[in-house]
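Chains A and B are the protein sequences, given in the same order.
When the letters of the first sequence are read in order and numbered with the UniProt record's numbering, they come out as residues 1 to 507.
When the letters of the second sequence are read in order and numbered with the UniProt record's numbering, they come out as residues 1 to 452.
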Amino acid sequence: MTSCIRRAAIVCALLLVALLVNATRIQVFQAGSYEDNPANRRQAIARYAQARGDILVGGTPVTSSEDTGEQLRFERRYSDGPLYAPVTGYASQAYGTSLLENTEDEVLSGTDPLLGPIPGWNDLTRDRSPGGRVVTTINAAAQQAAYRGLGSRKGAVAAIEPATGRILALVSTPSYDPGRLSGNGDSVKEAWAQLNADPEKPLLNRAIHQTYPPGSTFKVVTAAAALEEGVVGDVDRPTDSPDPYTLPGSESRLSNEVDDCEDAPVRYAFEWSCNTVFAKLGVETGLDAMAGMAQRLGFNDGGLTIPLPVSASNFDTKMDDAQLALSSVGQFDTRATPLQMAMVAAAVANGGSVKSPRLVDRTTTDDGSTVRTAGVRTLRQAMSPSTAAQLRELMTGAVEEGTGSNAAIPGATVGGKTGTAQHGVGNTGTPYAWFISWAQADGAPEPAVAVAVVVEDAAANRAEISGGGSAAPIAKAVMETVLNLRATPRPDPRRDASAGGRPAHRH
Amino acid sequence: MTGTTADTAAPTAIPAVRLPRRRGTELGLLVLAVLLPVYGYCAVGLAKSGSIPPGAAGYGAGLGALALLAHLAVRIRAPYADPLLLPIAVLLNGIGLVLIYRLDLETPADRAAPTQLVWSTLGVGLFIAVVVLVRDHRVLQRYAYLSVAGALLLLMAPIFFPAVNGAKIWIRLGGFSIQPGEFAKVLLAVFFASYLAANRHALAYTGRRVWKLQLPTGRVLGPIVAIWLFSVGVLVLERDLGTSMLFFGLFVILLYVATGRTGWVAVGLLLAALGAFAVGGLEPHVHSRIEDWLHPFASIDAGQGPGQLAQSLFAFSAGGMLGTGLGLGHSILIGFAAKSDFILATAGEELGLTGLSAIILLYGLLVERGFRAGLALREPFGRLLSLGLASIVALQVFVITGGVTGLIPLTGMAMPFLAQGGSSVVTNWIIVALLIRISDSARSQYDGTAPP
Numbered sequence: 001m002t003s004c005i006r007r008a009a010i011v012c013a014l015l016l017v018a019l020l021v022n023a024t025r026i027q028v029f030q031a032g033s034y035e036d037n038p039a040n041r042r043q044a045i046a047r048y049a050q051a052r053g054d055i056l057v058g059g060t061p062v063t064s065s066e067d068t069g070e071q072l073r074f075e076r077r078y079s080d081g082p083l084y085a086p087v088t089g090y091a092s093q094a095y096g097t098s099l100l101e102n103t104e105d106e107v108l109s110g111t112d113p114l115l116g117p118i119p120g121w122n123d124l125t126r127d128r129s130p131g132g133r134v135v136t137t138i139n140a141a142a143q144q145a146a147y148r149g150l151g152s153r154k155g156a157v158a159a160i161e162p163a164t165g166r167i168l169a170l171v172s173t174p175s176y177d178p179g180r181l182s183g184n185g186d187s188v189k190e191a192w193a194q195l196n197a198d199p200e201k202p203l204l205n206r207a208i209h210q211t212y213p214p215g216s217t218f219k220v221v222t223a224a225a226a227l228e229e230g231v232v233g234d235v236d237r238p239t240d241s242p243d244p245y246t247l248p249g250s251e252s253r254l255s256n257e258v259d260d261c262e263d264a265p266v267r268y269a270f271e272w273s274c275n276t277v278f279a280k281l282g283v284e285t286g287l288d289a290m291a292g293m294a295q296r297l298g299f300n301d302g303g304l305t306i307p308l309p310v311s312a313s314n315f316d317t318k319m320d321d322a323q324l325a326l327s328s329v330g331q332f333d334t335r336a337t338p339l340q341m342a343m344v345a346a347a348v349a350n351g352g353s354v355k356s357p358r359l360v361d362r363t364t365t366d367d368g369s370t371v372r373t374a375g376v377r378t379l380r381q382a383m384s385p386s387t388a389a390q391l392r393e394l395m396t397g398a399v400e401e402g403t404g405s406n407a408a409i410p411g412a413t414v415g416g417k418t419g420t421a422q423h424g425v426g427n428t429g430t431p432y433a434w435f436i437s438w439a440q441a442d443g444a445p446e447p448a449v450a451v452a453v454v455v456e457d458a459a460a461n462r463a464e465i466s467g468g469g470s471a472a473p474i475a476k477a478v479m480e481t482v483l484n485l486r487a488t489p490r491p492d493p494r495r496d497a498s499a500g501g502r503p504a505h506r507h
Numbered sequence: 001m002t003g004t005t006a007d008t009a010a011p012t013a014i015p016a017v018r019l020p021r022r023r024g025t026e027l028g029l030l031v032l033a034v035l036l037p038v039y040g041y042c043a044v045g046l047a048k049s050g051s052i053p054p055g056a057a058g059y060g061a062g063l064g065a066l067a068l069l070a071h072l073a074v075r076i077r078a079p080y081a082d083p084l085l086l087p088i089a090v091l092l093n094g095i096g097l098v099l100i101y102r103l104d105l106e107t108p109a110d111r112a113a114p115t116q117l118v119w120s121t122l123g124v125g126l127f128i129a130v131v132v133l134v135r136d137h138r139v140l141q142r143y144a145y146l147s148v149a150g151a152l153l154l155l156m157a158p159i160f161f162p163a164v165n166g167a168k169i170w171i172r173l174g175g176f177s178i179q180p181g182e183f184a185k186v187l188l189a190v191f192f193a194s195y196l197a198a199n200r201h202a203l204a205y206t207g208r209r210v211w212k213l214q215l216p217t218g219r220v221l222g223p224i225v226a227i228w229l230f231s232v233g234v235l236v237l238e239r240d241l242g243t244s245m246l247f248f249g250l251f252v253i254l255l256y257v258a259t260g261r262t263g264w265v266a267v268g269l270l271l272a273a274l275g276a277f278a279v280g281g282l283e284p285h286v287h288s289r290i291e292d293w294l295h296p297f298a299s300i301d302a303g304q305g306p307g308q309l310a311q312s313l314f315a316f317s318a319g320g321m322l323g324t325g326l327g328l329g330h331s332i333l334i335g336f337a338a339k340s341d342f343i344l345a346t347a348g349e350e351l352g353l354t355g356l357s358a359i360i361l362l363y364g365l366l367v368e369r370g371f372r373a374g375l376a377l378r379e380p381f382g383r384l385l386s387l388g389l390a391s392i393v394a395l396q397v398f399v400i401t402g403g404v405t406g407l408i409p410l411t412g413m414a415m416p417f418l419a420q421g422g423s424s425v426v427t428n429w430i431i432v433a434l435l436i437r438i439s440d441s442a443r444s445q446y447d448g449t450a451p452p
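Put into structure tokens, the structure is as follows:
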């Protein structure tokens with residue numbers, strides 16, 4: 001009997017060992033995969049157990065966290081949701097995060113190792129640092145000016161400080177209140193479904209995630225390439241340009257919406273936006289030089305992050321001359337985000353040097369000590385300073401003499417370029433109104449702001465749509481605000497018939 | 001637990017020398033066994049509200065008083081008893097109360113700890129009663145048939161009460177629900193031990209021999225198989241697979257130890273396999289448990305969120321090596337039965353693999369002391385009884401721990417001492433009292449002052 005009891009005891013011991021081995025398997029070896037299982041709420045509980053760090057604009061938080069007392073305790077709140085939605089994005093318990101809430105999530109949620117006292121400390125103590133702060137480069141007044149300027153129209157604005165790449169305004173309309181997506185209840189589900197089903201696509205950040213045909217604003221790039229290649233010696237000498245221009249190797253003819261474009265000098269063609277001159281100029285400059293300039297300015301770069309990932313703007317690198325001619329006036333397959341066109345204007349304003357655009361100035365811990373600072377980073381020298389200087393002259397002329405007169409600001413030098421881009425099958429879609437510009441206050445050493453504005457549905461009447469009429473006043477409001485030259489509110493410049501001089505011009 | 005040191009006591013014991021009684025050791029260990037849960041209780045309060053809970057002193061005093069009374073009873077009536085048994089029981093019961101109290105904080109509307117404390121007090125009371133009143137465990141042998149009658153009565157009683165959560169194992173009286181099957185375990189162990197002690201030679205050596213198996217005569221085998229079939233039948237009717245498996249395992253172990261016939265184990269395992277296959281395939285309640293075990297995350301893939309077993313596995317894995325700390329885990333996500341069947345998940349999450357292993361080893365030690373008491377005895381009834389009682393604990397721990405950690409299919413069963421459940425805690429105190437009584441007999445027989 002004794003030996004039987006011993007054997008029974010051995011069986012019990014084996015059962016005990018089996019339990020311990022299995023517990024080790026679950027608690028040590030499987031722990032990682034179980035922890036990451038999306039159905040395991042522990043990570044979510046820990047994530048929302050503390051207040052999320054805030055996103056700051058001009059030193060003031062535009063976000064906050066509310067203790068709901070539920071299982072997922074803290075919910076995101078936005079003090080000026082629709083205005084800053086293209087910057088902050090949303091932080092939803094049900095649908096994840098977007099934009100800065102997404103890219104800066106580690107800092108905001110307190111998991112960034114640099115937030116802890118020493119790296120690795122939080123892993124050891126199973127603790128989480130208080131959520132850090134993200135200080136943006138946004139200029140609150142400029143953002144508001146851009147948002148108000150777009151009003152109820154669909155469009156986007158991107159404004160950059162040319163010398164540093166700091167993004168001063170990033171607006172997309174129609175917008176939405178990201179606070180509606182913060183929680184995880186039924187109202188959030190409804191809001192999510194409604195926002196996603198909305199044909200106006202309020203969740204789309206048009207400033208960085210939507211590409212548009214840039215239209216005549218692309219003539220800045222064409223002019224830069226032509227000047228850089230020496231195709232144009234003197235901008236005031238008449239060019240050998242027919243009107244209309246027959247696209248090389250085809251029967252198609254390109255015409256102008258303004259007079260006097262035949263053999264017009266580049267200055268006139270730029271100020272009044274002659275398609276024929278620039279189409280021919282692009283072909284003369286050649287595909288390689290055109291594509292090279294576009295790419296140095298940021299086209300075809302899918303890897304740009306500000307730190308939000310920016311959609312790649314496109315300039316085809318394999319085309320025939322007819323396609324190159326159309327591309328040179330911002331049509332065919334050429335597409336650009338508003339931010340990309342702001343970068344073009346900024347490069348011109350900054351002597352040809354393209355600074356990496358960025359939205360985050362620095363991140364800090366919750367008590368304000370700096371975690372990371374973003375420095376000025378030069379992406380490329382897109383063109384020589386002398387080419388940039390010539391372009392500034394051309395752009396200034398477009399505002400002082402030509403199509404961009406609605407953007408003129410007393411007390412500042414403003415350079416700009418209008419654009420009205422055709423799109424849709426057979427160009428039947430409502431054209432996009434573009435305006436890109438930069439402004440330098442009198443007496444200031446350098447331009448302080450570069451802006452790109454696109455208005456998608458500028459007016460119900462196609463004939464009234466133009467870059468100078470719809471988009472330029474918005475750019476002007478933003479530039480005035482940044483330069484701090486904003487005078488007392490004036491009558492809507494769009495209604496000011498005396499401002500244009502030649503209001504019929506569309507390109 | 002291998003019991004290799006158990007029989008060294010026999011040759012070294014010299015009748016004229018007085019054996020150390022080790023009551024002081026027990027008292028010292030009891031102090032630790034009371035202080036540890038009190039510390040845990042304070043840790044829960046500090047983690048949840050940042051302050052020591054107001055009842056800490058009272059809780060410590062209450063647990064201490066219970067332990068002291070039990071100790072006095074042992075000191076007076078069972079002075080040679082194993083000094084580890086009582087402290088282990090007190091410690092496990094204390095940890096159980098802390099874990100239930102900790103889970104109560106997540107469910108303010110449903111507080112289980114006060115009730116559990118009442119049941120624990122009742123359990124210690126019964127422990128003292130058994131230690132004081134049962135002067136010699138051998139008297140139980142006389143009540144073998146009374147025991148089995150009582151066990152069957154207890155097992156059948158819940159059939160006349162409504163099913164709770166798919167299993168008919170409860171009797172609801174007033175505000176209390178009782179699981180009579182828990183008490184039946186002890187009675188059946190007494191019956192099995194008594195019957196097998198009386199008939200083991202007949203079972204082992206008589207009857208026809210078929211191939212390598214020695215089949216006993218029907219006269220000997222009949223009653224025991226009938227009773228076993230009946231108890232298992234009742235349990236299948238009540239859909240309580242866990243207790244059914246426990247009885248079956250107990251029966252096979254005792255039969256094997258009593259007769260020394262490996263054939264019984266083979267037959268038992270074959271029967272178990274057949275039964276498991278049949279019940280698992282036919283009975284929907286059991287079938288779903290097996291499906292859960294094979295595919296714990298199937299409900300997640302189906303978009304219905306994690307099931308109980310998945311939540312339990314999440315809880316264990318969240319604990320990792322060192323645990324989150326008492327009060328800082330989220331095992332309440334398991335939902336239903338978090339305080340009873342799944343109480344171990346809370347231990348695993350908040351105390352980690354370290355704490356969980358310590359708890360499992362405490363059970364291992366408890367079982368080992370039971371086996372050792374049996375080995376030290378010379379008469380078969382006591383041997384079989386202590387072995388049976390220790391096996392009940394071992395099997396329960398294996399079935400429930402294996403179930404909640406996904407080692408074997410989950411069956412509803414109470415973790416001894418830890419889990420919420422009055423009947424279970426009372427029964428386990430009785431088991432420990434009987435082991436104390438048996439170990440006292442086992443050791444006192446070697447003492448020069450004790451009767452031979």
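Idealized CB from N, CA, C, for every residue including glycine.
Just so you know, these numbers come straight off a predicted model, no measurement behind them.
*C-beta neighbour in chain A for Ser194 of chain B, strict 9 Å*: no
*Identify the contact partners of Ala18 of chain A in chain B, using a Cβ-Cβ distance below 7 Å as the criterion.*
Think of a sphere of 7 Å around the beta carbon of Ala18 of chain A: the chain B residues whose beta carbon falls inside it are Leu407, in chain order.
*Is Ile409 of chain A near the ligand NAP, with its Cβ less than 8 Å from a heavy atom?*
This structure lacks the ligand NAP, and indeed carries no ligand of any kind.
*Between the region 271 to 305 of chain B and chain A, which residues of the former have a C-beta closer than 8 Å to a C-beta of the latter?*
Phe297, Ile300, Gly305
_Please identify the residue among B:Val98, B:Gly28, B:Ala129 whose C-alpha is closest to the C-alpha of Thr115 of chain B._
Closest by alpha carbon: B:Val98.
_Beta-carbon neighbours of Tyr34 of chain A, restricted to chain B and to distances below 7 Å_ = Leu313, Phe314, Ser317
*Cβ-Cβ distance between Ala23 of chain A and Thr427 of chain B below 9 Å*: no
*Closer than 9 Å, CB to CB, is Glu368 of chain B near chain A or not?*
yes
_Amino acids of chain A, ordered along the chain, whose beta-carbon sits closer than 8 Å to that of Met321 of chain B_ = Below the 8 Å Cβ cutoff, chain A contributes Gln27, Val28 as neighbours of Met321 of chain B, in chain order.
*With Thr365 of chain A and Gly132 of chain A assumed to form a contact (beta carbons below 8 Å), what rounded beta-carbon distance in angstroms separates them?*
A Cβ-Cβ separation of about 5 Å places Thr365 of chain A in contact with Gly132 of chain A under the 8 Å criterion.
*asked:* Can you find the residues in the same chain that come closer than 7 Å, C-beta to C-beta, to Pro119 of chain A, ignoring five residues on each side of it along the sequence?
replied: Pro113
*Return the first residue and the last residue of the beta strand (DSSP E) that Ile332 of chain B is part of.*
It is not in any beta strand (DSSP E) - Ile332 of chain B carries neither H nor E in the DSSP assignment.
_Taking contact to mean 3 or more Cβ pairs, one atom from each stretch, closer than 8 Å, check whether the region 13 to 28 of chain A and the region 314 to 325 of chain B are in contact._
yes
*Who are the Cβ neighbours of Asn461 of chain A in its own chain at under 6 Å, not counting the five residues just before and after it?*
Low local confidence applies: a pLDDT of 49 at Asn461 of chain A is under 50, so the model's placement there is unreliable, and no value is given.
*For the region 83 to 97 of chain A and the region 171 to 183 of chain A, state whether three or more C-beta atom pairs, one from each stretch, are separated by less than 8 Å.*
At 8 Å Cβ cutoff, the stretches touch.
*chain B partners of Leu72 of chain A, CB-CB under 8 Å?*
In chain order: nothing, as chain B lies at least about 11 Å away.
*Could you check what DSSP says for Asn461 of chain A in three-state terms: helix, strand or coil?*
Here the model assigns Asn461 of chain A a pLDDT of 49, short of 50, so the residue's position is not dependable, and the following value carries that caveat. It is coil, neither helix nor strand.
*Go through its chain and collect everything with a Cβ distance to Asp227 of chain A's Cβ below 6 Å, but skip five positions before and after it.*
Here residue 227 of chain A turns out to be Leu, not Asp, going by the sequence shown. Taken in chain order, the residues that qualify are Thr387, Gln390.
*Around the Cβ of Pro38 of chain A, are there at least 16 other Cβ atoms within 10 angstroms (buried) or fewer (exposed)?*
It counts as exposed.
*Please state whether DSSP places Thr324 of chain B in a helix, a strand or coil.*
coil
_Assuming Gly330 of chain A and Pro214 of chain A are in contact, meaning their beta carbons sit under 8 Å apart, how far apart are those beta carbons, in whole angstroms?_
4 Å
*Touching by the beta-carbon criterion (3+ pairs, under 8 Å), the region 252 to 269 of chain A and the region 198 to 211 of chain A*: no
*Mind checking the region 397 to 423 of chain B against chain A and listing, in chain order, the residues whose C-beta falls within less than 8 Å of any C-beta there?*
Val397, Phe398, Thr401, Gly402, Thr405, Gly406, Leu407
*Could one say the Cβ of Thr24 of chain A lies closer than 9 Å to chain B's Cβ atoms, at least one of them?*
By this cut-off, Thr24 of chain A is an interface position.
*Cβ separation of Tyr212 of chain A and Arg335 of chain A, assumed to be a contact under 8 Å, to the nearest whole Å*: 6 Å
*Closest Cβ-Cβ distance between Leu353 of chain B and chain A: below 9 Å?*
yes
*Around the C-beta of Arg289 of chain B, are 16 or more other C-beta atoms found within 10 angstroms, so that it is buried, or is it exposed?*
buried
*Please classify residue 508 of chain A: is it buried, with 16 or more other beta-carbons within 10 angstroms of its beta-carbon, or exposed?*
Outside the displayed span of chain A (1 to 507) sits residue 508 of chain A, for which this structure offers no information.
_Contact set between Tyr256 of chain B and chain A, taken where Cβ atoms lie within less than 9 Å_ = Cys4, Arg7, Ala8
*Hey, would you say Gly416 of chain A sits closer than 9 Å to Ala475 of chain A, going by beta carbons?*
Taking C-beta atoms as the reference points, Gly416 of chain A and Ala475 of chain A count as a pair closer than 9 Å.
*Start and end of the alpha helix (DSSP H) containing Gln440 of chain A?*
For Gln440 of chain A, there is no enclosing alpha helix (DSSP H); the enclosing beta strand (DSSP E) has its first and last residue at 432 to 441.
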